[in-house]
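Trainee:
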Amino acid sequence: GDSVTQMEGPVTLSEEAFLTINCTYTATGYPSLFWYVQYPGEGLQLLLKATKADDKGSNKGFEATYRKETTSFHLEKGSVQVSDSAVYFCALVPNSGNTPLVFGKGTRLSVIA
Amino acid sequence: EADIYQTPRYLVIGTGKKITLECSQTMGHDKMYWYQQDPGMELHLIHYSYGVNSTEKGDLSSESTVSRIRTEHFPLTLESARPSHTSQYLCASSPTSGYNEQFFGPGTRLTVL
Numbered sequence: 085g086d087s088v089t090q091m092e093g094p095v096t097l098s099e100e101a102f103l104t105i106n107c108t109y110t111a112t113g114y115p116s117l118f119w120y121v122q123y124p125g126e127g128l129q130l131l132l133k134a135t136k137a138d139d140k141g142s143n144k145g146f147e148a149t150y151r152k153e154t155t156s157f158h159l160e161k162g163s164v165q166v167s168d169s170a171v172y173f174c175a176l177v178p179n180s181g182n183t184p185l186v187f188g189k190g191t192r193l194s195v196i197a
Numbered sequence: 048e049a050d051i052y053q054t055p056r057y058l059v060i061g062t063g064k065k066i067t068l069e070c071s072q073t074m075g076h077d078k079m080y081w082y083q084q085d086p087g088m089e090l091h092l093i094h095y096s097y098g099v100n101s102t103e104k105g106d107l108s109s110e111s112t113v114s115r116i117r118t119e120h121f122p123l124t125l126e127s128a129r130p131s132h133t134s135q136y137l138c139a140s141s142p143t144s145g146y147n148e149q150f151f152g153p154g155t156r157l158t159v160l
């Protein structure tokens, strides 16, 4: 079945460091890919998405590129801030679109000043 | 403003009590979901619905039940709460068309003593 694998955390970085959170997926066809963020005490928010190969999603300084050849959708940010401390989830929906999102297990990021 | 609401945000209750967690959305979405989030952050789909009078069980076996009598309302009920039900419960919705991205409520943190 469809699945998402993301790097295990926790990840601890100093402010202004470069961030990469790896995400790879297994799916048939051409799924749509998402990154969600969950701040402490809140629900999940959509951070960015990409719906076809080579698309780049971006938002709030975060970027991720849909790489079909490596079945990956790694999240990157050039300079993290303390306010980026949160849990990040990679997710996909199969190209049929008629099934719930498949989520990775989440990666906790802590940014220290 | 279109949004998704969950009440209560926090609930502490004794073993054996019947409880209902409320979820409502004003986004006009047909699809709605319930997730249980464990302390390790992983999300587990427990129920979903693709429209009025349609409900399905998710990947994680749950002793809870749901109903979908109105499009905007998707309550989750536990007939007899147990300490093993202690968790964070997240409700989400998504449109029928588009890329099936999901929008999440703020969550209900349930503690069963």
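Chains as they are written, first to last, in this note's numbering: chain A, 85 to 197; chain B, 48 to 160. Backbone N, C-alpha and C define an ideal beta-carbon position, used for all residues, glycine too. Predicted model only: the values in this text are computed from it and were never measured.
(1) If I measure Cβ to Cβ from Lys140(A) and keep anything under 8 Å in the same chain, skipping five residues before and after, which residues do I get?
(2) Between which residues of its own chain and Gln90(A) is the CB-CB distance below 7 Å, once the five residues before and five after are set aside?
(3) I'd like the ranges of any alpha helix (DSSP H) spanning at least 4 consecutive residues and lying wholly in the segment 70 to 110 of chain B.
(4) For Pro184(A) and His120(B), what's the separation of their Cα atoms in angstroms?
(5) Along the chain, where does the beta strand (DSSP E) containing Gly162(A) start, and where does it finish?
(6) Could you list the residues in the segment 106 to 125 of chain A with a C-beta less than 7 Å from some C-beta on chain B, going in chain order?
(7) Leaving out the 5 sequence neighbours to the left and right, which residues in its chain are closer than 8 Å to Asp115(A) when beta-carbon positions are compared?
(8) My output table needs one value for Ser195(B): the three-state DSSP class, helix, strand or coil.
(9) Quick check on Ser194(A): does DSSP put it in helix, strand or coil?
(10) Does the beta-carbon distance from Thr73(B) to Thr124(B) come in below 7 Å?
(11) With 16 other CB atoms within 10 Å as the buried threshold, where does Tyr52(B) fall?
(12) Tell me the DSSP bridge mates of Gln149(B)?
(13) Output the distance between the C-alpha atoms of Thr155(A) and Phe118(A), rounded to the nearest integer angstrom.
(14) Is Arg21(B) near Tyr82(B), with beta carbons less than 7 Å apart?
(15) Please report the distance separating the alpha-carbon of Pro124(A) from that of Tyr95(B).
(16) Name, please, each residue of chain A whose Cβ falls closer than 7 Å to the Cβ of Glu89(B).
(17) Run through DSSP, which three-state label would Ser169(A) get?
(18) Just to confirm my understanding: we take Asp168(A), look at its own chain, exclude 5 residues before and 5 after, and list those with CB closer than 6 Å. What are they?
(19) Smallest Cα separation from Met79(B): which of Gly87(B), Gly63(B), Pro86(B), Cys70(B)?
(20) Starting from the C-beta of Asn143(A), find all residues in its chain whose C-beta is less than 7 Å away, skip the five residues before and the five after it, and write them out in chain order.
(21) Work out the CA separation of Pro142(B) and Glu89(B) for me, nearest whole Å.
(22) Give me the residue from Ala101(A), Gly127(A), Leu97(A) with the minimum Cα distance to Gly154(B).
Mentor: Here's the rundown:
(1) Ala134, Glu147, Ala148, Thr149, Tyr150
(2) Ile105, Asn106, Cys107, Cys174, Gly188, Lys189, Thr191
(3) none
(4) 18 Å
(5) Here Gly162(A) belongs to no beta strand (DSSP E), and DSSP marks it neither H nor E.
(6) Ser116, Phe118
(7) Per the sequence presented here, residue 115(A) reads as Pro, with Asp not at that position. Answer for Pro115(A): Asp86, Tyr109, Leu176, Val177, Pro178, Asn179, listed in chain order.
(8) This structure does not reach residue 195(B), given that chain B is present from 48 up to 160, and the question cannot be answered.
(9) strand
(10) no
(11) exposed
(12) Paired residues: none, contrary to the question.
(13) 13 Å
(14) Nothing can be reported for residue 21(B): it is not among the residues displayed for chain B, which extend from 48 to 160.
(15) 25 Å
(16) Lys189, Gly190
(17) coil
(18) Val195
(19) Cys70(B)
(20) Leu131, Leu132
(21) 24 Å
(22) Gly127(A)
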